[in-house]
Amino acid sequence: MSDLNGNLARLAPILTRLHETGVMNHIAGQSRAASSGRVFHTHSPVDGSPIAQVARGDVADVDQAALAAQAAFPGWRDIDGEARRKLLHRIADAIVARADDIAVAESWDTGQPIRFMAKAALRGAENFRFFADRAPGARDGQMLPSPTLMNVTTRVPIGPVGVITPWNTPFMLSTWKIAPALAAGCTVVHKPAEFSPVTAKLLLEIAEEAGLPPGVWNIVNGLGEEAGRALTEHAAIRAIAFVGESRTGSAIMAQGAPTLKRVHFELGGKNPVIVFEDADLDRALDAAIFMIYSLNGERCTSSSRLLVQDSIADDFLSRLRDRVARIRVGHPLDPATEVGPLIHETHLRKVASYFEIAKADGATISVGGKVLDGPGHYVAPTLFENATNDMAIAQEEIFGPVLTAIRFTTEDEALRIANDIPYGLTAYVWTNDLTRALRVTDRLEAGMMWVNSENVRHLPTPFGGVKASGIGRDGGDWSFDFYMEQKHIGFATGRHTIPKLGA
Ligand code: NAD
14 MSDLNGNLAR
24 LAPILTRLHE
34 TGVMNHIAGQ
44 SRAASSGRVF
54 HTHSPVDGSP
64 IAQVARGDVA
74 DVDQAALAAQ
84 AAFPGWRDID
94 GEARRKLLHR
104 IADAIVARAD
114 DIAVAESWDT
124 GQPIRFMAKA
134 ALRGAENFRF
144 FADRAPGARD
154 GQMLPSPTLM
164 NVTTRVPIGP
174 VGVITPWNTP
184 FMLSTWKIAP
194 ALAAGCTVVH
204 KPAEFSPVTA
214 KLLLEIAEEA
224 GLPPGVWNIV
234 NGLGEEAGRA
244 LTEHAAIRAI
254 AFVGESRTGS
264 AIMAQGAPTL
274 KRVHFELGGK
284 NPVIVFEDAD
294 LDRALDAAIF
304 MIYSLNGERC
314 TSSSRLLVQD
324 SIADDFLSRL
334 RDRVARIRVG
344 HPLDPATEVG
354 PLIHETHLRK
364 VASYFEIAKA
374 DGATISVGGK
384 VLDGPGHYVA
394 PTLFENATND
404 MAIAQEEIFG
414 PVLTAIRFTT
424 EDEALRIAND
434 IPYGLTAYVW
444 TNDLTRALRV
454 TDRLEAGMMW
464 VNSENVRHLP
474 TPFGGVKASG
484 IGRDGGDWSF
494 DFYMEQKHIG
504 FATGRHTIPK
514 LGA
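In my numbering, the protein residues as written are 14 to 516.
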């Protein structure tokens, strides 16, 4: 990882190219302007400077992209798994070769600190490698013999799919959704988030340079209500993999209903980290801080509610205050920076609105609680204390570097607070009592839990949420369950009796 000046120097030619070409749609292997000729403009969260003019796709562009994905589908479906494996590994190699470019572009586009984005590019490559290795076995099935039949199952890719992604870590999330779709044999139309469209296009160019056939993967940029909606409504698109807000998930489910879309939703979270008195408190403190203040708190799995046991709360919260006050806020391309600017002015206003809401509801702002001087959409890392779980700061996803601390006395109370929320994505439990860890994880309403650990993603494990946090799972074979159809074939093994009607 280079220093700030080195990273700015690496960014300069990328920006020059973006200013010249803008971010176009990419359909059937070609960069294309929106058919309406319309564009929108994006600006860097760091200083508000223009980044790119972006094609504003709509129903006509989505139609072209969906038809391109439909035309490319039979060829891609029928490539044998081993060839697909090799090609996806070539894409991973090419991502690694461009990792530094991807990292600086992503930081500039999103405001995410380079210290995390450098790893995000490499994790994107790992997503491709993981699913590449599973491609040869994607069609595997079972043999389930019965007395009269040899029953076999096999899987086939569902067809062209739509992938809709959010702005927070766009590169990593795009690879996470698109790599398994390609490994399964599906073709893709991707609608990136309008706030941060840069690296999605870079990723597709890398993939096609590595040999991905035209039309297998297409991008239509645009607004959610235009391009996003058209994708969810298109008859040729068989399934929608969506990552974003819970209310957008509801809208997509309704939009996809007339064409009976299969949907996979990774939605919002308001995740508890529960610290019991017997925990390793040093490690619990490090993990609690990391899981809310890394990635600017713009992270679905962030531990945004700290539930801390009364008996240790005074000491734990005093150490927490100290650390939060010392978090380094700065230029995202500076490797020393721990928290960068928020994605957009509207998001800054949303996050900052909770400072007033917290006070009005009776909580205390013990650290931060202010917007920092510009340019750039910076807020101070913030800690709310004396909160109760019914307050808006405990119930709503703020999606910024903002932590709400709530005290509890008993295990039952901790569980009640943890589960008293519409969301259920992740939970983090800190205790050295094994039986308590088993009891608590059994009763927590969350799709993913870590005991004595921050979130450490292991690709074979299922990723996803319960309640308003999502439908379906990614990772391992679960991704193929979504992107593929199961087929059953029964072969008669003899001449069993067939009922004779009308005989
Ligand atoms: P968002 O829901 O506003 O937008 C996400 C995407 O959906 C964008 O590309 C947007 O253009 C598109 N969209 C909006 N309206 C649409 C519509 N009617 N039809 C089709 N597409 C539409 O979310 P965001 O603000 O970009 O991202 C932040 C949210 O994403 C947070 O809630 C966060 O928790 C969630 N998220 C979840 C996960 C997870 O794995 N669970 C991961 C990252 C982010």
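Where a beta carbon is used, it is the ideal one built from N, C-alpha and C, also for glycine.
Round the Cβ separation of residue 164 and residue 501 to the nearest angstrom and send it over; I've been treating them as touching at under 8 Å.
Looking up residue 164 in the sequence shown gives position 151. Looking up residue 501 in the sequence shown gives position 488. Sure, about 6 Å apart at Cβ, within 8 Å.
Original post:
Could you give the C-beta distance for residue 370 and residue 408, rounded to a whole number, given that I count them as a contact under 8 Å?
Top reply: Within the sequence shown, numbered from 1, the residue matching residue 370 stands at position 357. Within the sequence shown, numbered from 1, the residue matching residue 408 stands at position 395. So it is not a contact: roughly 11 Å between Cβ atoms.
- Helix, strand or coil: which one does DSSP assign to residue 360? The count along the sequence shown starts at 1 and reaches residue 360 at position 347. Three-state result, residue 360: helix.
Identity of the residues DSSP links to residue 26 by a beta bridge: Working through the sequence shown from its first residue, we reach residue 26 at position 13. Note: residue 26 sits in no beta bridge, so no partner.
Rounded distance between the beta-carbons of residue 415 and residue 310, thought under 8 Å
Numbered from 1 along the sequence shown, position 297 holds the residue referred to as residue 310. Numbered from 1 along the sequence shown, position 402 holds the residue referred to as residue 415. So it is a contact: roughly 6 Å between Cβ atoms.
query = Any idea if residue 93 is buried or exposed, counting beta-carbon neighbours within 10 angstroms, 16 or more meaning buried?
reply = Start at 1 with the first residue of the sequence shown, and residue 93 comes out as number 80. Classified as exposed, residue 93 has fewer than 16 neighbouring CB atoms from the shown chains inside 10 Å of its CB.
Provide the residue(s) that pair with residue 440 in DSSP beta bridges, ordered along the chain. By 1-based counting over the sequence shown, the position of residue 440 is 427. 462, per the DSSP bridge assignment.
Q: Below 7 Å CB to CB, which residues in the same chain sit around residue 340 once its five sequence neighbours on both sides are set aside?
A: Taking the first residue of the sequence shown as position 1, residue 340 is located at position 327. Excluding positions up to five away in sequence, the list reads 306, 351, 352 and 394.
Taking Cβ to Cβ, would you say residue 38 is nearer than 7 Å to residue 68?
The residue you call residue 38 lines up with position 25 of the sequence shown. The residue you call residue 68 lines up with position 55 of the sequence shown. Yes, Cβ-Cβ distance for residue 38 and residue 68 is below 7 Å.
- [ ] Tell whether a beta-carbon distance below 7 Å holds between residue 180 and residue 292.
- [x] Position 167 of the sequence shown, counting from 1, holds the residue named residue 180. Position 279 of the sequence shown, counting from 1, holds the residue named residue 292. Their beta carbons are not under 7 Å apart, which means residue 180 does not touch residue 292 by this criterion.
query: CA-CA distance, residue 233 and residue 52?
result: Stepping through the sequence shown from its first residue, residue 233 is reached at position 220. Stepping through the sequence shown from its first residue, residue 52 is reached at position 39. Approximately 12 Å between the Cα atoms of the pair.
- prompt: Residues bridged to residue 320 by DSSP?
  reply: Locating residue 320 in the sequence shown gives position 307, counting from the first residue. Beta-bridge partners of residue 320 (DSSP): 287 and 419.
At a cut-off of 6 Å, is residue 511 close to the ligand NAD when judged by its beta-carbon and the heavy atoms of the ligand?
Numbered from 1 along the sequence shown, position 498 holds the residue referred to as residue 511. No, Cβ of residue 511 sits at least 6 Å from all heavy atoms of the ligand NAD.
Q. Does the Cβ of residue 401 lie closer than 6 Å to at least one heavy atom of the ligand NAD?
A. On the sequence shown, residue 401 is found 388 positions in, with the first residue counted as 1. No, the beta carbon of residue 401 sits no closer than 6 Å to any heavy atom of the ligand NAD.
How should residue 25 be labelled, buried or exposed, when 16 other C-beta atoms within 10 angstroms of its C-beta is the threshold for buried? Indexing the sequence shown from 1 puts residue 25 at position 12. So residue 25 ends up on the exposed side.
CB-CB under 6 Å to residue 130, same chain, minus the five flanking residues each way: which ones, in chain order? Position 117 of the sequence shown holds residue 130. Hits under 6 Å: 116, 119 and 120.
| field | Nearest-angstrom Cα separation, counted from residue 508 out to residue 436 | value | Locating residue 436 in the sequence shown gives position 423, counting from the first residue. Locating residue 508 in the sequence shown gives position 495, counting from the first residue. Rounded to whole angstroms, residue 436 to residue 508 spans 55 Å at the Cα level.
Taking C-alpha atoms, which residue in 55, 160, 406 and 48 lies nearest to residue 35? Counted from its first residue, the sequence shown places residue 35 at position 22. Comparing Cα-Cα distances from residue 35 to each of 55, 160, 406 and 48, the minimum goes to 55.
ask   = What do you reckon, is the C-beta of residue 180 under 6 Å from a heavy atom of the ligand NAD?
value = Locating residue 180 in the sequence shown gives position 167, where the first residue counts as 1. Indeed, a heavy atom of the ligand NAD lies less than 6 Å from the Cβ.
**Prompt:** With respect to 6 Å, is the separation between the Cβ of residue 196 and the closest non-hydrogen atom of the ligand NAD below this value?
**Reply:** Within the sequence shown, residue 196 is the residue found at index 183, counting from 1. Answer for residue 196: no, Cβ out of range of the ligand NAD.
**Message:** For residue 282, count the other beta carbons within 10 Å of its own beta carbon; 16 or more makes it buried, fewer makes it exposed. Which is it?
**Reply:** Here the question's residue 282 lines up with position 269 in the sequence shown. Burial state of residue 282 is buried, judged by a 10 Å Cβ sphere holding 16 or more other Cβ atoms.
Q. Taking buried to mean at least 16 other C-beta atoms within 10 Å of its own C-beta, is residue 296 buried or exposed?
A. Here residue 296 is taken as the residue at index 283 of the sequence shown, counted from 1. Answer is exposed; the Cβ neighbour count stays below 16.
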